[in-house]
Structure formats: structure tokens, C-alpha cells
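Residue numbers (our numbering): 1131 to 1481.
What follows is the structure in C-alpha cells.
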């Protein structure tokens, strides 16, 4: 029997001390308790102040404890991880607070009657009324804007990716970048100047034109990125079989990237659904139901919220919060639909 077979193995000394998995949670709990104690002793009544104190204590406590138990390199790694978690909470907490406040105040008057009736002859100081006219206006204005912006944006992206070369492509890319950051009020003023030139009255389609201007660059950018993700091998294989380029784009490139393109369009719809400034300038708002977006003033959810909250009446505040909750639910549904389409149309990776 060899000596190596009876010699006991020594434990590895390359691995130093390590904090248990529950250590970050314990440090977080201790930081929160210590932050509350410091805030109470200092007479700080703001929850934001004690939360910031607790976050600073959490980062410092993580570094000190990890440096003592493990090593400084591992402590730095844990500090960076702690900073990521703190930044995540700083982003999520205000969003969760906003959603909670909207739900808490919006459910007071949100019911079937509120969703199926308009303001009509109801004054802002009176109870009752609803948002049916605003929902109808939002659906029509956003729908018309999508019918204008989605085809133009997708075709522009196809040109930039598949055909764009030279000065024209660079100019189109430059103007798309400029339009991405254009304020919504500028788009509204542009359409308003055209309306004044032709002596036109406010109507819903004018708001759709301004919303389409805001939507186009988002569609172009998202579609362009999705088309760039399509492997060139697919294009080359189709062209090698003698298929024309336009048919390759139609039958190969677009179906491959359809999920991402649809997701980008849905997200751009959610982006314009809450715009108020263009609608305020061009649509003007109405308390009555107007199903014709090409004639007469028309309401929309963002404009309804603005007008109700600006009236200063308690009953109007309740209606504004309920309309805000409806608008958030509308945007949330669009995002869920976009995620579902993206997952449904995603390329299959199974063997």
C-alpha cells in the first residue's frame, strides 16, 4: 500500500472566511433599525431621510463586515452589489408609491358607470359623470396616429438597414435622432401653425398628427435595431437561391424580426398615450361624446385628467385620480401585450 493512500488530506487553505447567505439580509435589517433610531434621535420626520441614512449604513456596514470576515477584494465586490440594490430600490420605491397612491385614490369613483358615461351636463363641482368620451377620444386619436406612424417608421427603418447608403441615409438618421428628443409641445405647435394657415377648427385628427410625429422616431429606432439583429446569413441564403431582395425582406427579414418590431410599436403607443400638450392645443377637449375625430373638439384621457385636476373641486379630484388609474391600466395592458407578442414571436432555440 502506498504512502499517498494513507496520508490524510489537508483542508484547502486557499479559501478564506465567507459570510453566510443570510448576512446581507441581516445587515439590511440592522441598517434599517439603526437608521430609524438615528432619525428618531435627530428628530427627522421624513421617511426619505431615514431611508437614505439606512442605505448609507447598509453600504458601509457591508464593506466593514465583509472586509473583517472575508477580504478587501470581496468587500469591494459586495459594496458594488449593495450599491446596485440601493439604486434599484431608489428607482422602484417611487414607482410603487405612485402606483399605490393612484390605486388608493382612483378606486373611489372607478366603476362601470364611470367607464360608460360622459361628463355631459355634469359640472365639475357635481358628483357623477364619467370618462367614456375621453376613452373613445384616446382610442381614436392614438389609433389614427399608429396607422400613420407605424408604416412610415417601419419602412424608414427598412430603408436605413437594407438600402440606406450615402448622404441621404445619414441625413435621415440625423433627423430621426433630432425628432427623438423633440418636445411634445413643439409637435403640437407645428400642427397648430398648419391649422391656422388653413383656418381650421380644433378636431381629433389634428392631435393624431402631432402624436404621429412623436411616435415615428421611436418606431424607426426600435425597428432599425430589430432588423440589425437578423443574421446576414439568412439574407445571403435567400439571395443565393435567386430570390429578389424585396421578397427576401418581405418573406425572411420581416418575419424573423416581427416580434421585436411589434414590441417597439406597442411601446411607442404607450409613450404617446399620455401626452397632454399636443391634445390641449389641437383637440381642445369636450364634455360630450364625439365619435368623429375629423370634426369638432374631442376629449382624451390625459386632457380629461388635466382639466379635472385644474378645476380645483374635490369631486373633480376624485374623477382625475380614477382617470389616471384607467390610463395607467391602459399603458400596462399595452406593455403586457408587447411582452406576450415578443415571447410568442421569439426565435425558437430548441434542438
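Note that beta-carbon positions come from the ideal geometry of N, C-alpha and C, so glycine has one too. Every value quoted in this text rests on a predicted model; they were computed, and no experiment measured them.
Does the region 1263–1271 come within contact of the region 1427–1440, defined as at least 3 CB pairs closer than 8 Å? yes
Please return the same chain residues whose Cβ sits closer than 8 Å to the Cβ of residue 1171, not counting the five positions on each side in sequence. Reading the chain shown from its first residue, position 41 is the one you call residue 1171. Contacts found: none.
Reduced DSSP secondary structure (H/G/I, E/B, other) of residue 1148: On the chain shown, position 18 is the one that residue 1148 refers to. In this structure, residue 1148 counts as coil in the three-state DSSP scheme.
If you measure from the beta carbon of residue 1198 to each beta carbon in chain D, is any gap under 8 Å? Absence of chain D from the displayed structure is noted, only one protein chain being present.
What residue range is occupied by the uninterrupted alpha helix (DSSP H) comprising residue 1193? As a first step, residue 1193 must be located in the chain shown, where it is residue number 63. Residue 1193 -> alpha helix (DSSP H) spans 1177–1199.
Can you tell me whether residue 1184 is buried or exposed, with buried defined as 16 or more other CB within 10 angstroms of its CB? Along the chain shown, one-based indexing puts residue 1184 at 54. Label assigned to residue 1184: buried.
Got a sec? Which residues, its chain only, sit under 8 Å from residue 1465 by beta carbon, not counting five neighbours each side? Taking the chain shown and counting its residues from 1, the one referred to as residue 1465 is at position 335. Excluding sequence neighbours, residue 1465 sits near 1396, 1397, 1400.
Return helix, strand or coil for residue 1092, following the three-state DSSP convention. Coverage of the chain is limited to positions 1131 through 1481, which leaves residue 1092 absent and any answer about it impossible.
Leaving out five residues before and five after residue 1282 in sequence, what residues of the same chain have Cβ atoms less than 7 Å from its Cβ? Locating residue 1282 in the chain shown gives position 152, counting from the first residue. Same-chain partners within the cutoff: 1346.
Among 1357, 1303, 1403, which residue has its Cα nearest to the Cα of residue 1382? Residue 1382 sits at position 252 when you count from the first residue of the chain shown. Of 1357, 1303, 1403, the residue nearest in Cα terms is 1357.
How would you write the range of the alpha helix (DSSP H) that residue 1358 sits in, first residue to last? One-based indexing of the chain shown puts residue 1358 at position 228. Note, residue 1358: alpha helix (DSSP H), 1334–1358.
Using DSSP with H/G/I as helix, E/B as strand and the rest coil, what is residue 1414? Taking the first residue of the chain shown as position 1, residue 1414 is located at position 284. Residue state, collapsed to three classes: strand.
Count the C-beta pairs between the region 1310–1317 and the region 1404–1417 that are closer than 8 Å, then say yes if the count reaches three, no if not. yes
Residue of 1440, 1306, 1339, 1202 minimising C-alpha distance to residue 1319: Locating residue 1319 in the chain shown gives position 189, where the first residue counts as 1. Checked all of 1440, 1306, 1339, 1202; the closest Cα to residue 1319 is 1339.
Determine the DSSP secondary structure at residue 1131, reduced to helix, strand or coil. As a working mapping, residue 1131 is identified with position 1 in the chain shown. The predicted position of residue 1131 is uncertain, since its pLDDT is 45 and thus under 50; no value can be drawn from it.
Would you call the region 1190–1198 and the region 1149–1160 touching, i.e. three or more CB-CB distances under 8 Å? yes
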